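Taking it in order: structure first as structure tokens, then the write-up.
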Amino acid sequence: MSNIPETGRTPRVQIRLIVIQVLVVSLLLTLGGRLWYLQIRQGDEYAAKASGNHVQQVVKPAVRGAILDARGVPIADNETRLVVSASRTELMKMKDDGKAVLARLAGVLGMTAKEVAEKVRLCDAETPQPCWNGSPYQPIPITDEATAKQALQIRERTEEFPGITAEPTAVRRYPAPGKSQTSQVLGYLSPVTDEEIKKAENTDSPYLRSDQVGRSGLERTYDKELRGKAGVTRYEVDNLGRVIGEAESDPAEAGANVVTSIDSRVQAVTEYELNEAMKAARLEMDRNTNKLYEADAGAAVVMENKTGRVVAMASLPDYDPNSWVGGISGKDYAKFTSKKSNYPLLNRAIQGQAAPGSIFKVISSTAAVNAGYDFNGNYPCPSSYSIGGQVFKNFESQGYGSINLGRALEVSCDTVFYHLAHEQWKKDGGNSPKKPKDWFYKTAHQFGLGKETGIDLPNEVTGRVPDRQWKKDYWEANKDGWCKTGKKGGEYAEQIAYENCLEGMRMRAGDSVNYSIGQGDTLVTPIQMATIYAAIANGGTLYDPTVGKAVISADGKKTTEIEPKAHGKLPMNQKTRKQIEQALAGVATTGSAAWRFGGWPQDKIPMHAKTGTAEVYGKQTTSWFASYTPDYTIVMTISQGGTGSGASGPAVRKIYEAMYGLTEDGEQDVKKALLPKPQSALPKVEPDGSIHAPTVKPYLPLKPSPPTDTQDLATAGGGPLLWRRD
């Protein structure tokens, strides 16, 4: 009988079939598992990669919005230039890292190979400017001043310039109407960094690699509004990179326009007069040192009293913001950041700190009244005031007999304030206080000193009120150094260090009397003092200073006004305010500034002023001049410039004359007035983006400055370019 099954299969064949079946099933399970892993588990990731292989994105940067003055005149806008850029990614694929290509490019552009190479190197802690601080994956601009001929050479010889592009591009432009710069107020742009891109990924305003972002000034504060939204077009391509269709497109949205309260005409006058005042100061002799004043820096602020809006803000030395467009050169960067050039990037109106001198006395007067002293009381004004063995002199050692606080403000009598501060110091417990009232220090804080004003510009500094807490903190931080270098009976600095080592944590009588006249360790900024004097003028409201006035969409359909905001009230009643105001009017008519305001139409445009001359150890005196009319406040300061009335006073008067259109005999010519009243209406933006701005033409100032020994006679009297409406 046969053992072969009816199927005709032997056991060996059956075993083989079973093995084959197991293998087939295993292969099917493996294949199915792999398909599940690729399509389900990792499906999204591979789908995205596949899409990336077949869809290419082209980014079109948004046109950055313009920054306009109050009348619609652009003070920062855009222009189309031929920009030559290099793709660092493409260059790094070459054997020589693109050196040969860059060398050929340098020859076409009329640059050196070194200059071009420096443009494309990446910035780090050890690499000096110029270098690229943006993303290494985006095109790096080599120049934005290429000629049409140069661009054509590059585009016609693409095989010689792989990774190099030459395209018309909208580039930031900072016009200088009337020779004004407005440098530190506007700020500048530079490329976005990878870190910034990552940080902004999940925000409502993400960055693209092509973005330029504001680094200072208004460009930084309003960067989000100005930047707009870049357009992205996605193209479907085949495996050879050929376009086979357009997938989708997000159109670019132009950035909004920022309208400021700056009047470019007044800005031009302010910058010019500040510069002229500094030049004039350098021709004057410092009687303490028998040397000419250095007048190495200055700042001026013109502000609307009833809103806190900034009409003009000047800071010298300044710089040309166009230097940053297309990447700053190493030479310019070194110049802008060097001690020799005195740091022109610094906006001294909000970042320059100095002792205020006598313009601080409006605060001391208020503090004295709040402490219980009668404003109209009689206070001795001798030529000097002694505390122990130390003598504190009146300015120029002049005495005025017994006077009230108003007259003390008018003639700027230091000894009256010495006396009041010393008396209050003794009432507070002298060197052993228990519960001091500290009226003089508390009042300064209430005036807003020692903190930011809230202006819409970045990097504002706080200044300093040297109260008891500051004294303790400062002593803790410096006592070791004082004790090491101090020497009893030594040189001035050694003696001071010795005294600070022993009792630098205490509020001494000398500290209090110096503080009362804005000396000692007190530091303020011009914007702080402008805010205070504007508050005295408007009835007591301390406004946040603002430069931005409105944001208007590119098509003009949406306008968002930036309303004035207040951060406090002056710590004085209306009676005290009016008494101080009357005294400040007296400064301009019979007091320390009267010699600079002769012939001023006080009955038509009441002028209020306060002069200040602050002493600085190791330097010449700082000139201060604070003033206001019913409409505007102007504060000017000049470092190492001499006296307040001597250096800053004439320049402040000339700014007012230009704004109000005053003639030489004190009459007002409205046709020549730049801004007799604050600008209220906003400029109009049309749907096509065009802006209604007044037509203007230049004319010379009413009183051109006479030529000095340091001026070229051929150019003297030219003055700034101002504006008037046609």
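Just so we're aligned: 504 in the working numbering is position 279 of the sequence shown, and the numbers increase by one with no gaps anywhere. Quick reminder that beta carbons are idealized off the backbone N, C-alpha and C, glycines included. All values derive from a computational prediction rather than experimental measurement.
Just tell me which of the options has its CA closest to the CA of residue i.
i    : options                : result
G624 : S637, G631, I612, G613 : S637
E889 : V410, S864, P826       : P826
H917 : I721, I245, L293, E519 : L293
L899 : G715, A537, V749       : A537
P605 : S611, T640, V841, L260 : T640
D856 : L645, A702, N530       : N530
A395 : R689, E461, R306, K782 : R306
G867 : T314, I880, Q845, S554 : Q845
T485 : D698, A295, A779       : A295
S589 : V550, F642, G614       : F642
A818 : Q363, V333, L634       : L634
V860 : R802, K659, Y758       : Y758
If you check the beta carbons only, do residue i and residue j fall under 7 Å apart?
i     : j    : result
I365  : A311 : yes
Q865  : Y518 : yes
K835  : L795 : no
S489  : V298 : yes
A755  : T858 : yes
G673  : V690 : no
P195  : T678 : Here the chain has residues from 226 to 951 only, and residue 195 is not among them.
A331  : V341 : yes
G729  : W700 : yes
A1021 : D302 : The structure shown does not extend to residue 1021, since the chain is modelled only from 226 through 951, so no value can be given for it.
V417  : Q375 : no
V491  : F617 : no
T710  : A722 : yes
D475  : G456 : yes
Is it right to say residue i is buried, meaning 16 or more other beta carbons lie within 10 angstroms of its own, or is it exposed?
i    : result
M319 : exposed
Y717 : exposed
P207 : Here the chain comprises residues numbered 226 to 951, so residue 207 is not present and cannot be evaluated.
I575 : buried
P581 : buried
T785 : exposed
L887 : buried
L254 : exposed
G335 : exposed
D653 : buried
V249 : exposed
D349 : exposed
Q807 : exposed
V197 : The first residue shown for the chain is 226 and the last is 951, placing residue 197 beyond what the model contains.
E892 : exposed
L645 : buried
S609 : exposed
A391 : buried
Distance, Cα to Cα, residue i vs residue j?
i    : j    : result
A506 : E498 : 12 Å
W650 : K667 : 13 Å
P542 : G837 : 22 Å
V410 : R573 : 10 Å
Q804 : A762 : 12 Å
E426 : I752 : 36 Å
G439 : Q904 : 27 Å
A338 : P355 : 14 Å
G480 : P400 : 19 Å
R397 : R459 : 27 Å
K424 : D448 : 16 Å
S915 : I777 : 12 Å
F822 : I300 : 33 Å
R452 : D369 : 19 Å
K782 : E478 : 14 Å
A525 : S873 : 9 Å
E461 : L433 : 21 Å
I240 : L252 : 18 Å
Can you find the residues in the same chain that come closer than 7 Å, C-beta to C-beta, to residue i, ignoring five residues on each side of it along the sequence?
i    : result
D322 : L316
N500 : L541
T766 : A760, A791, K794
G735 : I612, Q615
S405 : S489, Q492, A493, E496
I553 : Q354, P355
E304 : V396, R398
Regarding residue i and the ligand SAH, is the C-beta to nearest heavy atom distance less than 6 Å?
i    : result
D521 : This structure lacks the ligand SAH, and indeed carries no ligand of any kind.
Going by beta carbon distance, what residues of the same chain come within less than 6 Å of residue i, once the five residues before and after it are set aside?
i    : result
D545 : none
D955 : No statement about residue 955 is possible, as the shown extent of the chain runs from 226 to 951 and does not include it.
P236 : none
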